[in-house]
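J.: Respectively, the protein sequence lines represent chains A and B. Residue numbers for the first sequence follow our numbering, beginning at 1 and rising by one. Residue numbers for the second sequence follow our numbering, beginning at 1 and rising by one.
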Amino acid sequence: MADGPGTHILLVDDDEIDVIALTRAFAEVGIDVPLIIARDGEEALGALLERGLDAVLMLLDLNMPRMGGFELLERRASDPRLGAAAVLVMTTSSRRQDIERAHALGIVGYVVKATRPGFSRDFAELVRRYLALASLPRAGGRTR
Amino acid sequence: MTDEEEQDQRASLNLAFAIGGMNHFRVDVASGLIAGGPLVKRLLGEPDAGEAFRVERLLTRLDATTGRQLAQILTDLPRHDLAVDVELVVVDHAAIDAIRMVGRARTIPTPILAGIMVDETERRRSEELLRGRAADLAAANRQLEQFTHIVSHDLKSPLRGVHHLASFLREDLGDAASPQVLEHLDKLDRQVTKMSRMLDDLQTYVHVDRRAGKIETVDLEALGVELGELVGLPDGFTLDVDVEPVRVETDRTALSLVLRNLLDNSFKHHDRKSGMLRIEARPHGRGRQRFRVIDDGPGIVRRYRKRVFEPFHCLGGAGPGSGMGLAFVKRAVERQGGRVWIEDGPGADAGRGVAFCFTWPLVGCGKPDG
Numbered sequence: 001m002a003d004g005p006g007t008h009i010l011l012v013d014d015d016e017i018d019v020i021a022l023t024r025a026f027a028e029v030g031i032d033v034p035l036i037i038a039r040d041g042e043e044a045l046g047a048l049l050e051r052g053l054d055a056v057l058m059l060l061d062l063n064m065p066r067m068g069g070f071e072l073l074e075r076r077a078s079d080p081r082l083g084a085a086a087v088l089v090m091t092t093s094s095r096r097q098d099i100e101r102a103h104a105l106g107i108v109g110y111v112v113k114a115t116r117p118g119f120s121r122d123f124a125e126l127v128r129r130y131l132a133l134a135s136l137p138r139a140g141g142r143t144r
Numbered sequence: 001m002t003d004e005e006e007q008d009q010r011a012s013l014n015l016a017f018a019i020g021g022m023n024h025f026r027v028d029v030a031s032g033l034i035a036g037g038p039l040v041k042r043l044l045g046e047p048d049a050g051e052a053f054r055v056e057r058l059l060t061r062l063d064a065t066t067g068r069q070l071a072q073i074l075t076d077l078p079r080h081d082l083a084v085d086v087e088l089v090v091v092d093h094a095a096i097d098a099i100r101m102v103g104r105a106r107t108i109p110t111p112i113l114a115g116i117m118v119d120e121t122e123r124r125r126s127e128e129l130l131r132g133r134a135a136d137l138a139a140a141n142r143q144l145e146q147f148t149h150i151v152s153h154d155l156k157s158p159l160r161g162v163h164h165l166a167s168f169l170r171e172d173l174g175d176a177a178s179p180q181v182l183e184h185l186d187k188l189d190r191q192v193t194k195m196s197r198m199l200d201d202l203q204t205y206v207h208v209d210r211r212a213g214k215i216e217t218v219d220l221e222a223l224g225v226e227l228g229e230l231v232g233l234p235d236g237f238t239l240d241v242d243v244e245p246v247r248v249e250t251d252r253t254a255l256s257l258v259l260r261n262l263l264d265n266s267f268k269h270h271d272r273k274s275g276m277l278r279i280e281a282r283p284h285g286r287g288r289q290r291f292r293v294i295d296d297g298p299g300i301v302r303r304y305r306k307r308v309f310e311p312f313h314c315l316g317g318a319g320p321g322s323g324m325g326l327a328f329v330k331r332a333v334e335r336q337g338g339r340v341w342i343e344d345g346p347g348a349d350a351g352r353g354v355a356f357c358f359t360w361p362l363v364g365c366g367k368p369d370g
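1) Arginine 26 of chain B and glycine 36 of chain B look like a contact to me (Cβ under 8 Å); what is the Cβ gap, rounded to whole Å?
2) Determine which residues of the stretch 156 to 188 of chain B have a Cβ less than 8 Å from any Cβ of chain A, and write them out in chain order.
3) What do you get for isoleucine 9 of chain A, buried or exposed, if any count of 16 or more other CB atoms within 10 angstroms of its CB means buried?
4) Under 6 Å Cβ to Cβ from histidine 184 of chain B, same chain only, skipping five residues before and after it: list those, please.
5) Thinking C-beta only, is alanine 332 of chain B closer than 8 Å to glutamate 343 of chain B?
6) Quick one: grab the DSSP three-state call for phenylalanine 312 of chain B.
7) For histidine 153 of chain B, return the contacting residues in chain A, with the cut-off set at a CB-CB distance below 7 Å.
8) Can the beta-carbon of alanine 98 of chain B be found closer than 8 Å to that of valine 89 of chain B?
9) Pairs of beta-carbons, one from the stretch 1 to 19 of chain B and one from the stretch 105 to 120 of chain A, closer than 8 Å: are there three or more?
10) Would you say isoleucine 31 of chain A lies against chain B (beta-carbon separation less than 8 Å)?
11) Apart from the five residues just before and just after proline 47 of chain B, which ones in its own chain have a Cβ nearer than 6 Å to its Cβ?
12) If you drop the 5 nearest sequence neighbours on each side, which residues of the same chain put their C-beta closer than 8 Å to that of alanine 71 of chain B?
13) Just curious, the beta strand (DSSP E) that aspartate 374 of chain B is in, first and last residue?
14) Buried or exposed for valine 86 of chain B, please, with buried defined as at least 16 other CB atoms from any protein chain shown within 10 angstroms of its CB.
15) With a cut-off of 8 Å, do at least 3 Cβ pairs link the stretch 172 to 184 of chain B to the stretch 104 to 122 of chain B?
16) Kindly confirm or deny that the stretch 87 to 106 of chain A and the stretch 57 to 75 of chain A touch, where touching means at least three C-beta pairs closer than 8 Å.
17) Taking the Cβ atom as the reference point for each residue, do leucine 220 of chain B and valine 243 of chain B lie within a distance shorter than 8 Å?
18) Could you tell me whether the stretch 189 to 203 of chain B touches the stretch 246 to 254 of chain B, using the rule of 3 or more Cβ pairs below 8 Å?
19) Look at the Cβ atom of arginine 305 of chain B, then the Cβ atom of cysteine 357 of chain B, and state whether they are nearer than 8 Å.
20) Provide the residue span of the beta strand (DSSP E) that contains proline 109 of chain B, from first to last.
21) Hey, how far is the Cα of alanine 124 of chain A from the Cα of arginine 81 of chain A?
22) Where does isoleucine 107 of chain A sit, in a helix, a strand or coil, going by DSSP?
In structure tokens form, the structure reads like this:
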């Protein structure tokens, strides 16, 4: 199946409630970009390779069952077909070595998930503005 | 010297050697024989000639590295006045692990190497034991740290879930939520925030030992003033900084964290709308400073004064903190080699106030130079 052209958000997170919280927050701040949800790195790979997504902003959790975030980032670094996604990491890990390792693997940002009122909304606002202002890479190197 | 005198002298010398756990030894370079005290016999067994052993026998008892070292020394012997101080590792011997030979080469009339030999087995074994213990401790600390990381990370996920679910309920209920439901949702949120902070603080607490302290020059008075601004006391509260403007060499971050935690604690547990806090620092013996953080809050009953430093100990029950602040203070102070305790505050007669005191060793201590 091909989701075709246009920008997509690929949300890769195994935490069901975090996914609901973000989905609600995206609606709240008025993000109307189609949202694809993957529960781990393998599902995310499948979505990137098989669905023919065009421009993707990937919101990636690091700690997931099966293929985790780092493994996905490493696969992406060695497979050009996976390069057509800007990756924003969102995780509970605030460890310095995780932050540096993720940045070394070419992400556009790293956000630590916080347990405080308004966090989901702040994060959704960041995503909305990022989509409005930033230029995403295109699948196959096409630029439009 | 008469024979009797010589015998006396020899006896005293032997006694001194025995008390010091030392043995004499003497290597005759020309004959290749080594003779000496009981240690030499204990090490080499039955003698080859008279009281002496062939040096080769000693060489076969040593490990490859130190054996080569001794062989080299023996080769060098005839050439110059050699001073030798070597530790030799013994293999194949149940009771002796190592010996130390301290000697000088002399030519009287033929070249010899003579000196004392000491059994180093006990020292070596206790050193190994100590190294083993240190390694065990380091491994245990690493495990604790890993465990804490996992605990605080893995426990936080479901906690965040609870937090989200409460806000979903609030949003979905909208106007339909009764004041009581809203109040319960608020309480639920506060519990979540509190537990989240406890998990953060637990991690900080465990990491106290791991932090590599950077030693800086600190103006204590300036530090006190800065802390007052950092803690951000509300209107009605004043902070009096009673600290001499001395410059000291210390781990600034650690000292600042300890004082901040104490100020936080005094203010959080204050029961009135206004109050006075004071930081006091005085030299305390050589190279030490004694700090006191004094408040005029409700005070702490004597019998609880030790318990408040235990992790997750909150006298107020559902108090405002995580219960880790004072545990952190104790651990950080003790890590520096200081001590922490509680005294009555100046308002003790009226049953109020408390003084948190701690000593803090300094790297160097002097008056400001300008």
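The beta-carbon is built from N, C-alpha and C at its ideal position, and this holds for glycine as well.
T.: By the coordinates alone:
1) The Cβ separation is near 6 Å, so the contact holds.
2) Of all residues in the stretch 156 to 188 of chain B, Lys156, Ser157, Leu159, Arg160, Gly161, His163, His164, Leu165, Ser167, Phe168, Glu171 have a Cβ within less than 8 Å of some Cβ in chain A.
3) Counting the other CB atoms within 10 Å of its CB gives isoleucine 9 of chain A a total of 16 or more, which places it among the buried residues.
4) Nothing meets the Cβ criterion.
5) Cβ atoms of glutamate 343 of chain B and alanine 332 of chain B: not closer than 8 Å.
6) In the structure shown, phenylalanine 312 of chain B sits in coil (DSSP, three-state: anything other than H, G, I, E or B).
7) Here the neighbours are Thr92, Ser93.
8) In contact: alanine 98 of chain B and valine 89 of chain B (Cβ atoms closer than 8 Å).
9) Result no; under three Cβ-Cβ pairs closer than 8 Å.
10) It does not: the Cβ of isoleucine 31 of chain A has no partner Cβ on chain B nearer than 8 Å.
11) Correct list, in chain order: Phe53.
12) Excluding five sequence positions before and after alanine 71 of chain B, the CB atoms of its chain that fall closer than 8 Å to its own CB belong to Leu59, given in chain order.
13) Nothing in the structure corresponds to residue 374 of chain B, since chain B is present only between 1 and 370.
14) With fewer than 16 other Cβ atoms from the protein chains shown falling within 10 Å of its own Cβ, valine 86 of chain B counts as exposed.
15) No, because fewer than three Cβ pairs between the stretch 172 to 184 of chain B and the stretch 104 to 122 of chain B fall closer than 8 Å, the two stretches do not touch.
16) Because the criterion of three Cβ pairs below 8 Å is met, the stretch 87 to 106 of chain A and the stretch 57 to 75 of chain A touch.
17) Closer than 8 Å, so yes.
18) In short, these stretches do not touch, since the Cβ pair count stays below three.
19) Taking the C-beta atoms as reference points, cysteine 357 of chain B is found no nearer than 8 Å to arginine 305 of chain B.
20) According to the DSSP assignment, proline 109 of chain B belongs to no beta strand (DSSP E), since it is labelled neither H nor E.
21) Looking at the two C-alpha atoms, the distance is approximately 27 Å.
22) If DSSP states are grouped into helix, strand and coil, isoleucine 107 of chain A belongs with coil.
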